[in-house]
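Peer 1:
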Amino acid sequence: MIAAETPSLVPEVLKEYGGIAQAALKDYLPSGEPREYLYDIVADYPQRSGKMMRSSLCIATARAFGASLEDAIGSAVSIELLHNALLIHDDIEDESEERRGSPTLHKLHGIPLALNAGDTLSLISLRPLLDNLKVLGSQLSMSILEESQRMAIETAEGQAMELGWRRDNVLELGYEDYLVMVLKKTCWLATIYPIRIGAMIGTRDRIELDNLIRFGFFLGAAFQIQDDLLNLVGDDRYGKELDGDIREGKRTIMLLHVLEHATEDERQELHELLATDRELRSDEQVASVREMMDRYGSIDYARQLAHGLAGAALHEYSLVFSHLPDSRDKQFIQGLVTWVFERT
Amino acid sequence: MNSDDRVKKDDPPRDTPYRDFSNLFTSFTRNNFGGDATSAWADNVDHGVKLGYRVIEEHIAQGRRVAQDVNNRNYGAESMNNDIREFAERTQQYVSDVSGLYMKTLQSLSNNMSANGFAGAVNGSGARSTDAQVNVVMASKQPLEVSVELQDSGEDLTVDYLHAKDPNKAPLRDVKLEHVEGKTFKFHITVPDDQPAGQYRGVVYSAKSDKACGTVTATLND
């Protein structure tokens, strides 16, 4: 069996397309007043160096289907703007302390100003989609707006599921529940939406979108599980506090696996820990959950699940892209499936 | 040929399916898990993929049901696209009309300027109407913008003078609204060299009924 290796062009393309999207994004960030209380805060997350996977995936898909970079750049910028807006809200909701190696926005400026900046950034993300009218015409631009609305709803539903589980301390969850939540919360914005609108732009909205949902889901789910794993085993480059997900009580594959295999006493211990307010959860309690994950092989289990999903992603990739002429963009998209496991 | 000399194929390296999924993705996996084939790996991967397909197929089916409901309510992409298309077509028509008018105006202006020997600049012009099309022919040494708005049209439309708000400023007397054909008009305006800058307005009216049918606004800049 040949091991799948990430082609070196994945980081190259991420750098190239990400750089182009980052430069175009700056044009949409207002520079007027009130700077101190709004626009400087709005510009903070977009200027921290993210991976720019979402925008690059959109551009690469559009180009693989025959579109030009100019056709896709507006939609790609919109994705990054909305992604950053949602990160601000996520960090508040999750009470996260670090984002991309620096304090989160609400830690720096307080929740009200951060919340307002997140709202503003999400509204700004509509501008490039309206600008699409000039480049893509009214019909395709309208289809992309509709797709954006669906993505936003799916994402909000996924976030609501996760927040609700935590608020009500729901523990009777299966892996399927987790995957549904990830499909909505992560996959739609991170992979399904960029791929779908990229393909819509490339084909001028003449493509069956269901296979793109499948590919995007498997890629995005593998990405999210790996992200959850990095929260436990990431190195200094990870950019978020290690074991932060345990402290936040996030329902991950690893936590569900522990709950499935734990003794009655351990389940009770977990139940009490997760019922406690975040700030009252001690380092010892977090370490105890982490030890259970190691003992029950939960981390290995999650990796295996993620690899299975990535394999399915490669299969779905071949169904969607195999008929297209070979290109650097196609190689990049395929390479992302293995890159998911190599990123830090 | 001796049977001992017969060429034989080597025994195959394996006689069971290769299920070592740990080797599928990257050296990271091999280094961290040793790469031994285990049925647990295969089972977990198999479980994950089946679960994934179950989730996504249900999601797609759900999406189709929602799409069907939306289409039944006639609130789908089709009707919204039609609205946008109609809007775009109107915009395109408007741009086309204004562009045509602008080019005709420039052409007339060019003719007039050479005919009258004017060397001055005309900054621009514009005309709007409900149904009627109005071409503007102007001659002015100073930058001039003209806007004609017609609420009604007819063969007998006329305009007398364009007056400034300031009564001390002389009105623009050399103006004429000419009916070309159907709903097409031509508005002529000549501005004296010593005309003071400012905004001048006049009423377009029906010569027969004396009913007001529109306005003309000329903005003369220094």
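One line per chain: the protein sequences are A and B, in this order.
Going by this note's numbering, the first sequence opens with residue 193, and the numbers climb by one from there.
Going by this note's numbering, the second sequence opens with residue 785, and the numbers climb by one from there.
By construction, the Cβ of each residue, glycine as well, lies at the ideal position given by its N, Cα and C atoms.
Name, in chain order, the residues that DSSP records as bridge partners for K960(B).
Peer 2: Per DSSP, H972(B).
Peer 1: Would you say R535(A) reaches chain B, if we count a Cβ-Cβ gap shorter than 8 Å as a contact?
Peer 2: Output row for R535(A): interface = no.
Peer 1: Mind pulling the chain C residues with CB within less than 9 Å of H281(A)?
Peer 2: Absent from the structure is chain C; the protein chains it does hold are A and B.
Peer 1: Whose C-beta lies closer than 6 Å to the C-beta of A235(A) among residues of the same chain, with five residues either side of it excluded?
Peer 2: Once the five neighbours on either side are set aside, the close Cβ partners of A235(A) are L221.
Peer 1: For the stretch 258 to 269 of chain A against the stretch 290 to 305 of chain A, are there 3 or more C-beta pairs whose distance is under 8 Å?
Peer 2: The stretch 258 to 269 of chain A is not in contact with the stretch 290 to 305 of chain A.
Peer 1: Between the Cα of A479(A) and those of D435(A), K442(A), Y488(A), G412(A), spot the shortest distance and give me the residue it belongs to.
Peer 2: The candidate whose alpha carbon is nearest that of A479(A) is D435(A).
Peer 1: On the three-state DSSP scale, how would you describe F509(A)?
Peer 2: One point to set straight first is that residue 509(A) is Tyr, not Phe, in the sequence displayed. The answer is helix: DSSP assigns Y509(A) an H, G or I state.
Peer 1: Quick check: the Cα distance between Y984(B) and V964(B), rounded to an integer number of angstroms?
Peer 2: Whole-angstrom Cα-Cα distance: 24 Å.
Peer 1: In the stretch 272 to 350 of chain A, which residue ranges form an unbroken alpha helix (DSSP H) of at least 4 residues, counting only runs that do not cross its ends?
Peer 2: Counting only runs of 4 or more, we get 297 to 301, 303 to 316, 318 to 328.
Peer 1: From the beta carbon of I973(B), is the nearest beta carbon of chain A less than 8 Å away?
Peer 2: By this cut-off, I973(B) is not an interface position.
Peer 1: Rounded to the nearest angstrom, what separates I389(A) and A494(A) at their Cα positions?
Peer 2: Straight-line Cα distance between these residues: approximately 30 Å.
Peer 1: Could you name the residues of the stretch 353 to 367 of chain A whose beta carbon sits closer than 8 Å to any beta carbon of chain B, in the order they occur along the chain?
Peer 2: Of all residues in the stretch 353 to 367 of chain A, Y367 have a Cβ within less than 8 Å of some Cβ in chain B.
Peer 1: Classify H281(A) as buried or exposed, calling it buried when 16 or more other Cβ atoms lie within 10 Å of its own Cβ.
Peer 2: Buried, because 16 or more other Cβ atoms sit within 10 Å of the Cβ of H281(A).
Peer 1: Counting only runs that start and end within the stretch 202 to 258 of chain A, where is the beta strand (DSSP E) found for 3 or more residues in a row?
Peer 2: Segments of the beta strand (DSSP E) lying fully in the stretch 202 to 258 of chain A: there are none.
Peer 1: Report the residue from Y229(A), A505(A), K218(A), G211(A) whose alpha carbon sits nearest the alpha carbon of I182(A).
Peer 2: Residue 182(A) lies beyond the stretch modelled for chain A, which goes from 193 to 536, so this question has no answer here.
Peer 1: Using a 10 Å radius around the Cβ and a threshold of 16 neighbouring Cβ atoms, would you call H515(A) buried or exposed?
Peer 2: Under this definition H515(A) is an exposed residue.
Peer 1: Please confirm whether G500(A) has its beta-carbon closer than 8 Å to some beta-carbon of chain B.
Peer 2: Closer than 8 Å: yes.
Peer 1: Does L300(A) pass the burial test, meaning 16 or more other C-beta atoms within 10 Å, or should it be called exposed?
Peer 2: Classification of L300(A): exposed, given that the 10 Å Cβ count is below 16.
Peer 1: Does the beta-carbon distance from L318(A) to G527(A) come in below 8 Å?
Peer 2: Not a contact, by the Cβ cut-off of 8 Å.
Peer 1: Would you list the residues sitting across from M501(A) in a DSSP beta bridge?
Peer 2: As written in the sequence, residue 501(A) is Leu, which differs from the Met given in the question. Paired residues: none, contrary to the question.
Peer 1: Tell me, please, whether the CB atom of R1014(B) is closer than 8 Å to any CB atom in chain A?
Peer 2: Not covered by the structure: residue 1014(B). The range shown for chain B is 785 to 1006.
Peer 1: Can you give me the Cβ contacts of E339(A) inside the same chain, cut-off strictly under 8 Å, excluding the 5 residues immediately before and after it?
Peer 2: Excluding residues within five positions, the ones whose Cβ falls inside 8 Å are Y385, R388, I389, M392.
Peer 1: Can you round the beta-carbon distance between L206(A) and M244(A) to whole angstroms, since I take them to be within the 8 Å contact cut?
Peer 2: Indeed they touch by this definition, with Cβ atoms about 6 Å apart.
Peer 1: Ignore the nearest five residues each way along the sequence and tell me which others in S314(A)'s own chain have a CB closer than 8 Å to its CB.
Peer 2: So the qualifying residues of the chain are L273, L274, A277, L278.
Peer 1: So that I know if they touch, is there some Cβ in chain A lying closer than 8 Å to that of H963(B)?
Peer 2: By this cut-off, H963(B) is not an interface position.
Peer 1: When DSSP labels each residue in this structure, what does V791(B) get in the three-state scheme?
Peer 2: If DSSP states are grouped into helix, strand and coil, V791(B) belongs with coil.
Peer 1: Could you confirm whether any beta carbon from chain B is found closer than 8 Å to the beta carbon of Y385(A)?
Peer 2: Y385(A) does not count as touching chain B.
Peer 1: Going by Cα to Cα distance, which pick from R482(A), L466(A), Y237(A), L355(A) is closest to G293(A)?
Peer 2: Answer by Cα proximity: Y237(A).
Peer 1: Since I believe L928(B) is in contact with V918(B) (beta carbons under 8 Å), could you give me their beta-carbon distance rounded to a whole number of angstroms?
Peer 2: In fact, because the Cβ distance is near 15 Å, the residues do not count as touching under 8 Å.
Peer 1: Mapping DSSP to helix, strand and coil, what is L1004(B)?
Peer 2: Three-state DSSP puts L1004(B) in a strand.
Peer 1: CB D473(A) to CB L465(A), shorter than 8 Å?
Peer 2: Before going further, note that residue 473(A) is Arg rather than Asp in the sequence given. Yes, the Cβ-Cβ distance between R473(A) and L465(A) is below 8 Å.
Peer 1: Less than 8 Å between the CB atoms is what I'm expecting for L956(B) and V975(B), so what's the real figure, rounded?
Peer 2: That belief holds up - the Cβ atoms of L956(B) and V975(B) are roughly 6 Å apart, short of 8 Å.
Peer 1: Within 10 Å of its beta-carbon, does N952(B) have 16 or more other beta-carbons around it, so buried, or fewer, so exposed?
Peer 2: It is exposed - the Cβ of N952(B) has fewer than 16 other Cβ atoms within 10 Å.
Peer 1: For T530(A), count the other beta carbons within 10 Å of its own beta carbon; 16 or more makes it buried, fewer makes it exposed. Which is it?
Peer 2: T530(A) should be labelled buried.
Peer 1: So does the stretch 349 to 361 of chain A actually touch the stretch 318 to 334 of chain A, counting three or more Cβ pairs closer than 8 Å?
Peer 2: Contact fails: fewer than three Cβ-Cβ distances are below 8 Å.
Peer 1: Could you tell me whether the Cβ atoms of L322(A) and V269(A) are closer together than 8 Å?
Peer 2: Taking 8 Å as the Cβ cut-off, L322(A) and V269(A) do not qualify as a contacting pair.
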